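Everything below concerns the one structure shown next.
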Amino acid sequence: MRFIFKTRYEQDIELFQHGGQVFWYGLLMAVLLVAPLFVSAYVLTQLSQACIYAIVALGLMLLAGFTGQLSLGHAAFMAVGAYTQGVLVTAGVPFFVGIAAAALFAAVVGIIVGLPALRVKGLYLGIATLAFGTIIEEIIARAEHVTGGNAGLMVPPVSLFGWRFADGPSFYYLCLAFALAATLIVINLLRSPTGRAFVAIRDSEISAQSMGVNLAFYKTLSFAISAAFAGVAGALYAHNIRFLSPDQFTVVQSIELVMMVVIGGLGSVHGAIYGAAFLIALPQVINAAKPMLPTFLAEATGLQPTVFGAVLILVVLFEPLGIYGAWLKTRAYFDLFPFYRKGMFRRQKAFQKSDRLK
């Protein structure tokens, strides 16, 4: 089965490269659609949260993985979207109007944050976005007349066309639909001239500029699109949690979001999905393993951040491409078997002497 779209130049673009992808993606979609029939309400809530994290991971992957712009303040964009949605929906604004406003407002804030990215990069850009996240957290805490401050803000469930999307299958399907739409948008964006410009900037800013890529425009655009994705995820997060407070959007969560895309696999759409699933699944695995651990270790504070940090270090040292990279190597092993040779995928070490060459 082939899914083909025509561009204005009459060029064929296949959504699936071969029949195997049609089968496996179709099977995955079938499993996701019937999941509410076989899992508990708690697991269904976690699946909804995984879809929400997948949306923000796709946006962050577009920024960090494909444009090469580090952001340590993405939780702030989620906060902007969440509070925009919460305030508007509480005031009686329809759901889709509220979520569009959340995406637009987050994108505008992303443009404001993206402007400093024109002068700084790398670690300095990360520090700038880290400061931005702290500022947004403080603004939310101080604007008590709008956000409720530290007392929090109650958010009603989604009401759409007279149907109430509360906890359960209805809200899960809503989150799944948004996650699927976000995935298709990113896939098509990356194979457009805009996506190629993002990748060119990531690989070499000097080379991209010499080829006519407007660095200022595309860097700012990348921040805006990434922030808009985070705003949509924040809006859905607000309806999933039903209660918003500043301590839900801290710097720690921003770092967890970065860990999510790094562990999933930087520079791949699959990595964003894998990272979101990992971020949701690992705490459950840790809680399930606690009864089997010694008492002093199971009751130790900070066990989960320690495990997250250890996994991140192992990924950076032994599998820089993350979970998706490990999957690619495993698939290649079975494709090449029995002709697979040891060391075929050994990491090649390269050293960059100067950032001026980037």
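With our numbering, the residue at position 151 of the sequence shown is 161, and numbering never jumps.
For glycine and all other residues, C-beta sits at the position ideal for the given N, C-alpha and C.
Just so we're clear, the structure is a prediction, and the values are computed from it rather than from any experiment.
query                                                                                                                      : result
According to DSSP, residues forming a beta bridge with S232                                                                : DSSP, once it has assigned bridges, lists no residue as partnering S232.
Counted within 10 angstroms of its Cβ, other Cβ atoms place K229 as buried (16 or more) or exposed                         : buried
Residue-chain proximity (M164, chain C), Cβ-Cβ < 7 Å                                                                       : In the structure shown, chain C cannot be found, because there is only a single protein chain.
M164 - DSSP class collapsed to helix/strand/coil                                                                           : strand
For F142, three-class secondary structure by DSSP                                                                          : helix
Where F48 sits in the DSSP three-state scheme                                                                              : coil
Pick from Y93, P166, F115 and H84 that is closest to S264, judged by C-alpha positions                                     : H84
Check whether S236 and L135 have beta carbons under 7 Å apart                                                              : no
Reduced DSSP category for L190 - H, G, I as helix; E, B as strand; rest coil                                               : helix
Helix, strand or coil at V255 according to DSSP, with G and I counted as helix                                             : Note on identity: in this sequence residue 255 is Ser, with Val being the wrong assignment. Here S255 sits in coil by DSSP.
Selection from Q79, Q258 and A86 that minimises the alpha carbon distance to K131                                          : Q79
Identity of the residue in A207, A287, V223 and D257 nearest A372 by Cα                                                    : No answer is possible for residue 372: the residues shown for the chain start at 11 and end at 368.
Whether A238 touches A117 by CB criterion (7 Å)                                                                            : yes
Burial state of F76, where buried means 16 or more other Cβ atoms lie within 10 Å                                          : buried
Nonlocal neighbours in the same chain, by C-beta distance under 8 Å from Y334, ignoring five residues either side          : G274, G275, S278, H280, G281 and Y284
G159 vs A151 beta-carbon contact at 7 Å                                                                                    : yes
Span separating the alpha-carbon of A138 from that of A342                                                                 : 40 Å
Straight-line Cα distance separating A210 from A187                                                                        : 31 Å
A89 versus W34 - alpha carbon distance                                                                                     : 35 Å
Length of the line joining the Cα atoms of L267 and A67                                                                    : 7 Å
Residues near C185 by beta carbon distance below 7 Å, same chain, minus five either side                                   : S58, C61, I62 and L246
For A310 and P304, the rounded distance between their alpha carbons                                                        : 10 Å
Local conformation of L43 per DSSP, three classes                                                                          : helix
Coil, strand or helix - S81 by DSSP                                                                                        : coil
Neighbourhood of A207 by C-beta, 6 Å cutoff - its chain only, sequence neighbours within 5 removed                         : V223 and Y228
Beta-carbon contacts of A153 that lie in its chain and below 8 Å, excluding the five residues immediately before and after : G159
heavy atom of the ligand PLP below 6 Å from E148 C-beta                                                                    : The ligand PLP is absent from the structure shown, which contains no ligands of any kind.
Three-state secondary structure assigned by DSSP to L9                                                                     : Outside the modelled stretch of the chain, which goes from 11 to 368, sits residue 9, for which no answer is possible.
For S217, the residue or residues it bridges with in DSSP                                                                  : Per DSSP, none; premise fails for S217.
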